[in-house]
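A quick write-up on the structure given underneath.
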Amino acid sequence: MRCLALGTVVCCLLSGPVMAACLDAQKLGQITYANNSSYFSSAGTHVLEKIKQQASDKHQGYLLLEFNLFPGDGDKKLQQYNLWLANRRIARVKNYLSAANLPLPIITRIRTAAPEEKRDVDVLWCPKQTLANEDTTDKH
């Protein structure tokens, strides 16, 4: 078992950088946070419970948790704080969904050049695993 895990790690390290690309994303829900908070409300819990029910019926693909971070013109400390807060917010959603033991991967992505300031974690269903470095064009 250790050999398999080590082989997987070595393979990932040697394969080069890859990123999940969700071409046919289906939005399952959105968790909104209060200003300067990393805790979601009871309404967020309700949304996550619905997402857990929807995701438990899925068999292939993955959940993508996405947070759009507005770069802003603030100072460096403010930008570091906002990135820290974004990581905490997305981690709380991931931990909540992971505790449900869903039989599918959960991928997180923080977009650091969002066009507007938002405090939401979008939960997307990606029906098929596609990597950004794969050629996704049709060949006829």
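Residues -20 to -1, 1 to 120 (mature numbering (1 follows the signal peptide of the UniProt record, and there is no 0)) make up the sequence shown, in order. Cβ atoms here follow ideal geometry from the backbone N, Cα and C, with glycine treated the same way. Note that the coordinates shown come from a computational prediction; the quantities given were computed from them, not determined experimentally.
What residue range does the alpha helix (DSSP H) around Y76 cover?
That run of the alpha helix (DSSP H) goes 56 to 78.
Under the rule that 16 or more other beta-carbon atoms within 10 Å means buried, what is A35, buried or exposed?
Counting Cβ neighbours within 10 Å, A35 comes out buried, since at least 16 surround it.
Does DSSP put V101 in a helix, a strand or coil?
Of the three classes helix, strand and coil, the one that applies to V101 here is strand, per DSSP.
Nearest-angstrom Cα distance between T88 and T12?
If I take the Cα positions, the gap works out to 16 Å.
If G107 sits next to G41, beta carbons under 8 Å apart, how far is it from one beta carbon to the other, in whole angstroms?
Note on identity: in this sequence residue 107 is Pro, with Gly being the wrong assignment. The Cβ separation is near 4 Å, so the contact holds.
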